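Enquirer: One structure, pasted below without further comment.
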Amino acid sequence: MTDNLLQPYALNNTITLNNRILMAPLTRCMADDNLVPTLAMAEYYGRRAEAGLIISEATIIRPDGQGNPNTPGLFTKEQVNAWKFVTKTVHDKGGKIFAQLWHTGRVAHPHFFEHNNNGSSDVLAPSAVGVEGTVPRMRDLNYQVPKAATHQDIEQLVADYVQAAKNALEAGFDGVEIHGANGYLIDQFLHYDSNHRTDEYGATPENMSRFPLAVVDAVIASIGKDRTALRISPGAYFNMSGDVRDRQVFDYLLNELEQRDLAFLHLGIFDDAMVFDYLDGQASSYMRANYTKTLVGVGSYTPDTASVAIANNKFDLVAIGRPFIANADYVAKVRSGIDLVEYNAEMLTSLV
Ligand code: FNR
Ligand code: 8K6
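Under this note's numbering, the first residue of the sequence shown is numbered 134, with each subsequent residue one higher.
What follows is the structure in structure tokens.
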């Protein structure tokens with residue numbers, strides 16, 4: 134009944150996945166204090182190598198991208214070398230793994246990087262519009278009002294995404310997923326809530342898409358389209374308020390992405406049952422209607438509901454998050470019809 138989940142799937146001529154079940158990117162905050170991946174992380178990913186593709190936990194591209202404690206990086210030699218061990222562990226078990234490239238933008242916090250950012254404690258974002266609230270897991274750290282990125286900042290950010298993508302390949306990753314979802318830096322350019330710019334990076338769908346597309350194009354130029362993927366959240370739901378005008382931005386963006394032949398496009402959402410007025414329904418349906426290439430669905434799916442969604446052509450591949458934390462052998466359990474262990478938040482405290 135869930136057989137379609139276990140069929141191989143060719144992303145392109147370079148990469149074929151053993152099955153249609155992806156491990157969703159899952160921040161675990163278990164890197165060491167230099168943001169270097171650990172042996173325990175390599176073992177954790179290795180145990181999940183039967184996924185058609187693992188997408189790594191979000192991995193920061195440079196110090197000022199950090200907004201959570203102990204999230205791994207891909208910008209020092211030490212980090213790259215340690216990731217080599219993670220990717221080798223996954224490859225030795227027949228798996229594939231992409232790195233998710235992350236800059237948190239206005240939800241970064243100088244607490245994490247001011248000692249390590251050439252003396253600057255600026256939090257960068259499209260506009261000087263902060264979010265209310267505090268850093269996850271460190272509730273005494275209030276978010277700061279960010280600095281609006283200058284043109285020079287924007288050029289440097291694009292260059293740093295490219296360097297991180299090159300570092301990912303050097304570390305043995307099969308490709309990268311650019312994190313353009315969930316209210317982080319790239320997503321902040323795509324929503325009116327966070328982008329108040331009046332220059333060529335704001336105010337119109339084309340301008341608001343300019344930085345996200347510049348990152349995508351520069352990464353493609355550097356590591357190739359077959360190894361480049363993108364995650365986006367057309368429906369604002371996390372660190373972001375939606376605006377009816379956002380629809381036009383994503384209409385424009387999806388039309389541009391359609392012309393680029395990415396490895397895949399991945400929705401960022403926690404529960405795909407959510408509906409968005411300005412998208413006329415579910416974010417996944419909106420993306421399917423506006424993008425015809427490989428689409429990864431996600432958000433509170435079970436093997437059965439994912440199988441039906443793929444059979445009904447709602448998307449091509451499914452990413453599984455919390456259940457993959459609870460079940461390292463998720464794919465084997467689906468194959469043999471064994472009941473899954475239910476996820477609970479306590480599982481976040483250890484890497485098993
Ligand atoms: C997430 N999610 C997430 N998304 C992302 O793009 N990068 C990340 O690093 C993380 N980190 C993360 C940590 C934890 C603990 C959770 C629960 C979620 C979102 C995740 O990829 C996925 O979209 C959601 O978990 C919904 O899928 P499930 O869990 O319902 O299958
Ligand atoms: C990407 C960083 C994640 C850090 C750990 C997150 C833990 C997530 C626990 C679930 C949070 C759900 C948030 C969903 C927001 C929905 C708002 C309508």
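We put the CB at the ideal spot given by N, CA and C, even for glycine. It should be emphasised that the depicted structure is a prediction, and the values quoted were computed from it without experimental measurement.
#1: With a threshold of 16 other CB atoms inside 10 Å of the CB of Glu475, please say whether the residue is buried or exposed.
#2: Could you compute how far the alpha carbon of Thr222 sits from the alpha carbon of Arg330?
#3: Per the DSSP calculation, Gln415 is bridged to which residue(s)?
#4: Alpha carbon to alpha carbon, how far is Asn328 from Gln381? Give it in angstroms, no decimals.
#5: Compare the beta carbon distance of Pro345 and Gly316 with 9 Å and say whether it is the shorter of the two.
#6: Between which two residues does the beta strand (DSSP E) carrying Thr361 extend?
#7: Quick test of the definition: if touching needs 3 or more C-beta pairs under 8 Å, does the stretch 178-187 touch the stretch 268-288?
#8: For Ala442, which option in Asp405, Leu412, Asp413 has the closest C-alpha, if you only look at C-alpha atoms?
#9: In chain order, what residues of the same chain have a beta carbon less than 7 Å from the beta carbon of Asn250, not counting five sequence neighbours either side?
#10: Mapping the DSSP letters down to three states, classify Gly179 as helix, strand or coil.
#11: Alpha carbon to alpha carbon, what distance is there between Phe457 and Val291?
#12: Along the alpha helix (DSSP H) that carries Leu390, what are the first and last residues, could you check?
#13: Cβ of Asn315 versus every heavy atom of ligand 1: is any distance shorter than 8 Å?
#14: Does the distance between the C-beta of Gln321 and the nearest non-hydrogen atom of ligand 1 fall short of 8 Å?
#15: Looking at Phe218 and Phe306, is the spacing between their C-beta atoms short of 9 Å?
#16: With the cut-off set at 9 Å, would you say Leu207 and Ala351 are in Cβ contact?
#17: Please report how far the alpha carbon of Tyr424 lies from the alpha carbon of Gly252, in whole angstroms.
#18: Find the nearest neighbour of Val464 within the set Asn372, Ile148, Leu144, Met156, judged by alpha-carbon distance.
#19: Unbroken beta strand (DSSP E) runs of length 3 or more, entirely within the stretch 197-263: which are they?
#20: Whose beta carbon lies closer than 5 Å to any heavy atom of ligand 1, going through the chain in order?
#21: Buried or exposed for Gly470, please, with buried defined as at least 16 other CB atoms from any protein chain shown within 10 angstroms of its CB.
#22: Judging by CA-CA distance, which residue of Leu400, Leu274, Phe409 is the nearest neighbour of Met420?
#23: Applying the criterion that 16 or more other CB atoms from any shown protein chain within 10 Å of the CB defines a buried residue, is Asp225 buried or exposed?
#24: Report yes or no: do three or more beta-carbon pairs, one from the stretch 352-364 and one from the stretch 271-286, lie closer than 8 Å?
#25: For the putative contact between Val213 and Glu303, defined by C-beta atoms under 8 Å, what is the C-beta separation to the nearest angstrom?
#26: So within the stretch 429-481, which uninterrupted alpha helix (DSSP H) runs reach at least 4 residues, ignoring any that extend past its ends?
#27: Report all residues from its chain with a CB closer than 8 Å to the CB of Met407; omit the five preceding and five following residues, and keep chain order.
#28: Of all Cβ atoms in chain B, is any one closer than 9 Å to the Cβ of Gln140?
#29: If you reduce the DSSP assignment to three classes, tell me which class Asp307 lands in.
#30: Is it right to say Asp437 is buried, meaning 16 or more other beta carbons lie within 10 angstroms of its own, or is it exposed?
#31: To which residues does DSSP link Tyr142 through a beta bridge?
#32: Taking the alpha-carbon positions, what's the Met134 to Arg455 distance?
#33: Helix, strand or coil: how does DSSP classify Leu400 here?
#34: Just curious, the beta strand (DSSP E) that Asn275 is in, first and last residue?
#35: Can you find the residues in the same chain that come closer than 8 Å, C-beta to C-beta, to Gln140, ignoring five residues on each side of it along the sequence?
Expert: Walking through what the data contain:
#1: Within the sequence shown, residue 475 is the residue found at index 342, counting from 1. Glu475 should be labelled exposed.
#2: As a first step, residue 222 must be located in the sequence shown, where it is residue number 89. As a first step, residue 330 must be located in the sequence shown, where it is residue number 197. Taking the straight line joining both Cα atoms gives about 44 Å.
#3: Looking up residue 415 in the sequence shown gives position 282. Answer is Val408.
#4: Residue numbering aside, residue 381 sits at position 248 when the sequence shown is read from its first letter. Residue numbering aside, residue 328 sits at position 195 when the sequence shown is read from its first letter. Put simply, the backbone Cα of Gln381 is about 14 Å away from that of Asn328.
#5: The residue labelled residue 345 in the question sits at position 212 within the sequence shown. The residue labelled residue 316 in the question sits at position 183 within the sequence shown. Taking 9 Å as the cut-off, the beta carbon of Pro345 is found no closer than this to the beta carbon of Gly316.
#6: Counting from 1 along the sequence shown, the entry for residue 361 is found at position 228. Residues 361-365.
#7: No: fewer than three Cβ pairs fall under 8 Å.
#8: Here residue 442 refers to the residue found at position 309 when the sequence shown is read from its first residue. Selected option, being the one with the closest Cα: Asp405.
#9: On the sequence shown, residue 250 is found 117 positions in, with the first residue counted as 1. Result list for Asn250: Pro196, Asp197, in chain order.
#10: The count along the sequence shown starts at 1 and reaches residue 179 at position 46. Three-state result, Gly179: helix.
#11: Numbered from its first residue, the sequence shown carries residue 291 at position 158. Numbered from its first residue, the sequence shown carries residue 457 at position 324. About 32 Å.
#12: Counted from its first residue, the sequence shown places residue 390 at position 257. DSSP places Leu390 in the uninterrupted alpha helix (DSSP H) bounded by 379-391.
#13: Locating residue 315 in the sequence shown gives position 182, where the first residue counts as 1. At least one heavy atom of ligand 1 is nearer than 8 Å to the Cβ of Asn315, so yes.
#14: Working through the sequence shown from its first residue, we reach residue 321 at position 188. Gln321: no, Cβ never under 8 Å from ligand 1.
#15: As a position in the sequence shown, residue 306 is number 173, starting the count at 1. As a position in the sequence shown, residue 218 is number 85, starting the count at 1. Phe306 places its beta carbon 9 Å or farther from that of Phe218.
#16: Locating residue 207 in the sequence shown gives position 74, where the first residue counts as 1. Locating residue 351 in the sequence shown gives position 218, where the first residue counts as 1. With respect to the 9 Å criterion, Leu207 and Ala351 are not classified as neighbours on the basis of their beta carbons.
#17: Within the sequence shown, residue 424 is the residue found at index 291, counting from 1. Within the sequence shown, residue 252 is the residue found at index 119, counting from 1. Tyr424 and Gly252: Cα-Cα distance of roughly 43 Å.
#18: Residue numbering aside, residue 464 sits at position 331 when the sequence shown is read from its first letter. Of the candidates Asn372, Ile148, Leu144, Met156, the one whose C-alpha sits nearest the C-alpha of Val464 is Met156.
#19: Segments of the beta strand (DSSP E) lying fully in the stretch 197-263: 230-235.
#20: That gives Ala157, Pro158, Leu159, Thr160, Glu190, Ala191, Phe403, Val431, Gly432, Ser433, Ile453, Gly454, Arg455.
#21: Stepping through the sequence shown from its first residue, residue 470 is reached at position 337. Around the C-beta of Gly470, fewer than 16 other C-beta atoms lie within 10 Å, and the residue is accordingly described as exposed.
#22: Looking up residue 420 in the sequence shown gives position 287. Closest in C-alpha terms to Met420, from the list Leu400, Leu274, Phe409, comes Leu400.
#23: As a working note, residue 225 is residue 92 in the sequence shown. With fewer than 16 other Cβ atoms within 10 Å, it is exposed.
#24: At 8 Å Cβ cutoff, the stretches do not touch.
#25: Here residue 213 corresponds to residue number 80 of the sequence shown, with the count starting at 1. Here residue 303 corresponds to residue number 170 of the sequence shown, with the count starting at 1. With a Cβ gap of about 6 Å, Val213 and Glu303 count as contacting.
#26: Complete alpha helix (DSSP H) runs here, min 4: 436-444, 455-459, 463-469.
#27: Position 274 of the sequence shown holds residue 407. Result list for Met407: Gly368, Tyr370, Gln415, Ala416, Gly432, in chain order.
#28: Protein chain content of the structure displayed is limited to a single chain, and chain B is not contained in it.
#29: Taking the sequence shown and counting its residues from 1, the one referred to as residue 307 is at position 174. Of the three classes helix, strand and coil, the one that applies to Asp307 here is coil, per DSSP.
#30: Locating residue 437 in the sequence shown gives position 304, counting from the first residue. Label assigned to Asp437: exposed.
#31: Taking the first residue of the sequence shown as 1, we reach residue 142 at position 9. As a beta-bridge residue in DSSP terms, Tyr142 pairs with Leu150.
#32: As a first step, residue 134 is located in the sequence shown; it is residue number 1 there, counting from the start. As a first step, residue 455 is located in the sequence shown; it is residue number 322 there, counting from the start. Roughly 22 Å separates the two Cα atoms.
#33: Start at 1 with the first residue of the sequence shown, and residue 400 comes out as number 267. Strand.
#34: Within the sequence shown, the letter at position 142 stands for residue 275. Residues 271-275.
#35: The count along the sequence shown starts at 1 and reaches residue 140 at position 7. The beta carbon of Gln140 sits closer than 8 Å to the beta carbons of Asn152, Arg153 from its chain, once the five residues preceding and following it are set aside; these are given in chain order.
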